[in-house]
Amino acid sequence: MIHRHQVKKQRIIFIVLLSLIVISAFISAGIGYSTLSFNRLIPTFLGQGTFKEEFVLFSVRLPRIIITILAGMALALSGAILQSITRNDLADPGIIGINSGAGVAVSIFFLFIPTQPGSFVYLLPLVAFIGALITAFFIYILSYNRGTGLQPVRLILVGVGFSMALSGLMIVFISSADRQKVDFIANWMAGNIWGADWPFILALFPWLIVLIPFTLYKANKLNLLNLNEPVAIGVGVAIEKERITLLLAAVALAASAVSVTGGIAFIGLMAPHIAKSLVGPRHQLFIPISILLGGWLLLFADTIGRNVIEPNGIPAGVVVALIGAPYFMYLLMKK
Amino acid sequence: MKTSIHFSLKFGIGLILLVGMFCVSMVFGAASTSLLDVWQTLFTDVKSDAINILRELRLPREVAAMLVGAALAVSGAIMQGITRNPLADPGLLGLTSGANAALAISLALIPGINYFGITLVCFIGAAVGAIMVFGIGSVKKGGFSPLRIVLAGAAVSAFLYAVADGVGIYFKISKDVSMWTAGGLIGTSWSQLQMITPFIAIGIVVALLLSRQLTILSLNEEVAVGLGQKTIQTKSILFVVVILLAGASVALVGNMAFVGLMVPHIVRAIVGTDYRQIIPMSVIAGAILMLLADTIGRTINIPYETPVAAIIAIMGLPFFLVIVRKGGRVFQ
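Line by line, the protein sequences are chains A and B.
Using our numbering, the first residue of the first sequence is number 1, and each one after it goes up by one.
Using our numbering, the first residue of the second sequence is number 1001, and each one after it goes up by one.
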C-alpha cells in the first residue's frame, strides 16, 4: 500500500517541477547570443515575429531546449534503472562506461566511413547506440559469475576500467585523423549539445515514449530487485531475465541521449537520488519525479553553459560535471 | 640468503632486458638507424644525420620514457602498499587529473609561466587531487576499500577534468592545455629532462630507503605500530614521494593511467610481496614497459604517432579486469 499523503506529496512535487521546467525553458529561450527579447517571445511563438525572430526561436533555441530536456529525462531514467538493478546508489551510465562505448563507436564511424556530411548525421544515434550496447554487453559478461550471477559491485569496477581504456582507444583514432574531425569529436566528448535540430528530437522521442511506460510498468519488479536477491527470487521474480531486459532499456535510453548530446555524465546519478530523497524509494513514485528532474537539470546546465561565454559557450557536459561531481563525492562521504 | 641471490639474478635479467629494449627502441622509428649509429651516439663524438636524430630527438625521448615509467611504477607500488588496495594507481586516483586542472589554471592566470613553474604547479595539483580522493576515503572507517577508492577517484577525476576543460574553453587556451596533457613523449628536450630528473631520482631513492617500512605497513596497520613504526610519519613521507613522482611525470608527459597499476602487479608475480624487492624491480619493469609502449606508438602507424597513453590504456584494461576478477572476494 502506498499512503495517500505520499501520493499527494508526489503529485505536488510533480506539478512544481513541471512548472519549473516551463519557466526555465521560457528563460532559456529568451537569453542567448542573438537577441530575442522576452516580450517578443510569445508573439513570435504564435507566428507573429519577424523572420529573424522566428529563425532564432524555431530553428536555434527551441529544438535545443527540447533536446536537452528529453536527453536529461532519458539519462535520469537510465540512471534510476541502473541504480536499482545493480543495487548501488552510485551507478550512472556515464561513470560505468556506456558513454565512452558510444563515443568510440561515433569516432570510428566518423573517421573511417566516408559518407556525405548531411546524410550521415542521422545515422549517428544508431551508431552510438550500437557502440553503447556492445560495451554494456562486455561489461555485463565480465561482471557475471556462473555461481553467483551478476555482481553489482564488479559491474561498476569493470565499467570504470572500460571507460578509461576506451578513452585511450579514442586517442588512438583521434591521433590519426585530420583536424576538423578531431574538433568535432573533442566537442562531442565534452558533452556539447550538437544535435540541436528537429530530426534529432524525432530520433530521441520514440525511445522515451516506449521506455517510460515500460519502466513504470516494471516498477514493482524494480522495487523487488532493489531489495535483495533471495527476496526477489522468493516472490517469483525471474531475476536474470528481468535484469537483462531492464539493463537493455537503460542502455537504450542512455545511448539515445548521449548520441545527440555527447558525453554527459552525472545526470543519471543526481536525478534519481534527489527524487528518492524527496518521495522515498518506491519506483512508482520516484521515477516520474526523477525524469522531470533530469530534464530540468540538463536544461539548467546547458542554459548556463550557453551563456557563460559567447558565442560558443561551455559544453553542457562540463557544467554538469562541475555540479554533479561534488554531489557524487558528498554521497560517497555520507554513505 | 638464498632468496637474495635469487633476487639479484632476477634483477640482473631485468637489467639485461631493459638494455635490450632500449636498443630496440633506439633503432626503430620513422627514420631508420642502425645499431652502430646507436653505439656511436652513446659513446663517441662522431657526427652524422642519423646520429643527430638519435642524439637530439630519440635519446631524450627514450630517457624520458624510462624515467616516467619508473616513476609511475614506483608511485603505483607505494600507493598500493599504503592503501592495501590492489587497484591504486596515480591515474585512477585523481593525481593526474589534479595536475591537469592545476596546469590549466596556471596557464590561464600566468600566461608566460616557465617550465619550472609548470612543474611546481603539477606537484600542487597532484597533491590536491590525491588529498581529495584520500580525504573522501578516510572519512569513514574502511573507506579504503577498492570500490570506494575507485569511485572517489572517478568522481574527483571527472570533476577536475571538467575544471580543466572549463578553464581551457573559458580562457580560450584549450589547445595549449591539451598540448601539455596529451603531448605524451613528443618533443621531449634535454632541458626538460634536466629539470625533472632530480625530482624523480630523489623520489625513487627515498622510496628505496623506506621500502622496508613500506613492507611492514602493507601488511597491517596494527603490526606496523606494534613493531615501533611511526606510521603517520612514514605515510606522510611516502605520500610526498608519490606526489613528487606522479607530479613530475605529468609535467613531463601529461596523462598516463594504468602504468602504476600494471607494473607492481607484474613485479609481485615475479619477486613476491617484499617491497625491498618490489620497488627496485618496479623501476626496471616500468622503464621497460614505457619503452615498449613508446616504440609501438612510434612504429605502428608511420608517419603518424600514436600517443603512448593510448597504447598503455589498451594494454592496461585486461590487467584491470584480471585484478578485479581475482580480487572479487575482497569487494564483497
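Glycine included, C-beta positions come from ideal geometry on N, C-alpha and C.
These figures come from a predicted structure and were not determined experimentally.
So the alpha helix (DSSP H) A/F300 belongs to, where does it begin and stop?
Where A/F300 is concerned, the enclosing alpha helix (DSSP H) stretches over 283-308.
Assuming contact is defined by CB atoms lying nearer than 7 Å, are A/A325 and A/A76 in contact in what I supplied?
For the pair A/A325 and A/A76, the CB atoms are not nearer than the 7 Å cut-off.
Along the stretch 156-169 of chain A, what residues have a CB closer than 9 Å to any CB found in chain B?
Against chain B - using a Cβ distance shorter than 9 Å - the residues of the stretch 156-169 of chain A are I156, L157, V158, V160, G161, F162, S163, M164, A165, L166, S167, G168, L169.
Near-chain B residues of the stretch 53-79 of chain A - C-beta to any C-beta below 8 Å:
For the stretch 53-79 of chain A, the beta-carbon criterion of a distance under 8 Å to any beta-carbon of chain B is satisfied by none of its residues.
Own chain, CB closer than 8 Å to B/F1319, minus 5 neighbours either side, in chain order:
Short of 8 Å from the beta carbon of B/F1319, and not among the five residues preceding or following it, lie these beta carbons of its own chain, in chain order: F1258, L1261, M1262, H1265.
Beta-carbon proximity check, B/I1333 vs B/A1102, cutoff 7 Å:
Residue coverage of chain B in this structure runs from 1001 to 1332, which leaves residue 1333 of chain B outside it and unanswerable.
Closer than 7 Å to chain B by CB, A/A325:
Chain B contact via Cβ: present.
Looking at the structure shown, is A/D197 part of a helix, part of a strand, or coil, going by DSSP?
In this structure, DSSP gives A/D197 a state outside helix and strand, which the three-state scheme calls coil.
Within 8 Å, do at least three Cβ pairs link the stretch 1054-1069 of chain B to the stretch 1116-1135 of chain B?
No, because fewer than three Cβ pairs between the stretch 1116-1135 of chain B and the stretch 1054-1069 of chain B fall closer than 8 Å, the two stretches do not touch.
Between which two residues does the alpha helix (DSSP H) containing B/L1321 stretch?
It spans 1308-1326 - the alpha helix (DSSP H) in which B/L1321 sits, taken as one unbroken run.
Once you ignore the five residues that flank B/I1278 on each side, which residues in its own chain have a CB closer than 7 Å to its CB?
Excluding residues within five positions, the ones whose Cβ falls inside 7 Å are A1077, P1264, V1267, R1268, V1271.
Output needed in chain order: residues of the stretch 1300-1324 of chain B with a Cβ under 8 Å from some Cβ in chain A.
Under the 8 Å Cβ criterion, the stretch 1300-1324 of chain B contributes N1301, Y1304, E1305, T1306, P1307, A1309, A1310, I1311, I1312, A1313, I1314, G1316, L1317, F1320, L1321, V1324.
Entirely within the stretch 1096-1173 of chain B and at least 3 residues each: give me those beta strand (DSSP E) ranges in chain order.
Counting only runs of 3 or more, we get nothing.
Take B/L1015 and list the residues in its own chain whose beta-carbon comes closer than 6 Å to its own, dropping the five residues that flank it on each side.
The answer is none, since no qualifying residue turns up.
B/M1001 to B/F1007, Cα distance in whole Å?
Unreliable positioning characterises B/M1001 in this predicted model, as indicated by a pLDDT of 44, which lies under 50. The coordinate reading is nonetheless provided below. Roughly 10 Å separates the two Cα atoms.
So which of B/I1113, B/I1296, B/I1314 has the shortest CA-CA distance to B/V1177?
Nearest C-alpha to B/V1177 among B/I1113, B/I1296, B/I1314: B/I1113.
To the nearest angstrom, how far is it from the Cα of B/A1099 to the Cα of B/I1284?
One alpha carbon belongs to B/A1099, the other to B/I1284, and they sit about 25 Å apart.
With a cut-off of 8 Å on the beta carbons, I'd call A/S78 and A/G268 a contact; round off their distance for me.
Distance from A/S78 to A/G268 at the Cβ level is roughly 5 Å; contact confirmed, criterion being Cβ atoms closer than 8 Å.
Counting only beta-carbon atoms, is B/G1289 nearer than 7 Å to chain A?
Inspection of the sequence shows that residue 1289 of chain B is occupied by Leu rather than by Gly. No, no contact with chain A.
Are the Cβ atoms of B/A1065 and B/M1290 separated by less than 7 Å?
If you check the CB distance, B/A1065 and B/M1290 come in under 7 Å.
Which residues in chain B have a C-beta closer than 9 Å to the C-beta of A/R146? List them in chain order.
The premise fails here: A/R146 is roughly 13 Å from chain B at the closest Cβ pair, so nothing lies under 9 Å.
B/L1147: contacting residues in chain A (beta-carbon distance under 8 Å)
Under a criterion of Cβ atoms nearer than 8 Å, the residues of chain A adjacent to B/L1147 are, in order, V153, I156, L157.
Using a Cβ-Cβ cut-off of 7 Å (strictly less than) and excluding sequence neighbours within five positions of A/F38, which residues of its own chain qualify?
Cβ within range, chain order: G30.
Proximity test, Cβ basis, 7 Å: B/V1133 and chain A:
For B/V1133, the answer is no, since every Cβ of chain A falls outside 7 Å of its Cβ.
With C-beta atoms as the reference, is B/D1274 less than 7 Å away from B/T1215?
Cβ atoms of B/D1274 and B/T1215: closer than 7 Å.
Taking only beta-carbon atoms, is B/F1159 less than 7 Å away from chain A?
Contact with chain A is found for B/F1159, since one of that chain's Cβ atoms lies less than 7 Å from the residue's Cβ.
Please report the distance separating the alpha-carbon of A/V258 from that of B/I1136.
If I take the Cα positions, the gap works out to 29 Å.
Mind checking if B/V1024 is an interface residue toward chain A, Cβ cutoff 7 Å exclusive?
No, its Cβ sits nowhere closer than 7 Å to a Cβ of chain A.
Classify A/I81 as buried or exposed, calling it buried when 16 or more other Cβ atoms lie within 10 Å of its own Cβ.
The residue in question, A/I81, is buried, as its Cβ has 16 or more Cβ neighbours within 10 Å.
Below 8 Å, how does it come out for the stretch 1153-1165 of chain B and the stretch 317-331 of chain A: are there three or more Cβ pairs, yes or no?
Yes: at least three Cβ pairs fall under 8 Å.
Please say whether B/V1068 and B/S1249 have beta carbons closer to each other than 7 Å?
Going by C-beta atoms, B/S1249 is nearer than 7 Å to B/V1068.
Of the residues B/I1202, B/G1228, B/E1221, the one placed nearest B/I1246, counting alpha carbons only:
Looking at the sequence itself, residue 1246 of chain B is Ala, so the reference to Ile does not match. Ranking the options by Cα distance to B/A1246, first place goes to B/I1202.
Could you list which residues in chain B have their beta carbon closer than 7 Å to that of A/M270, in chain order?
Neighbours of A/M270 in chain B, taken as residues at a C-beta separation under 7 Å, are lacking, since the least C-beta distance is about 12 Å.
State buried or exposed for B/Q1040, treating a residue as buried only when at least 16 other CB atoms are found within 10 Å of its CB.
Under this definition B/Q1040 is a buried residue.
Neighbouring residues, chain B, relative to A/F328 (Cβ below 7 Å)
Under the 7 Å cutoff, chain B gives A1155.
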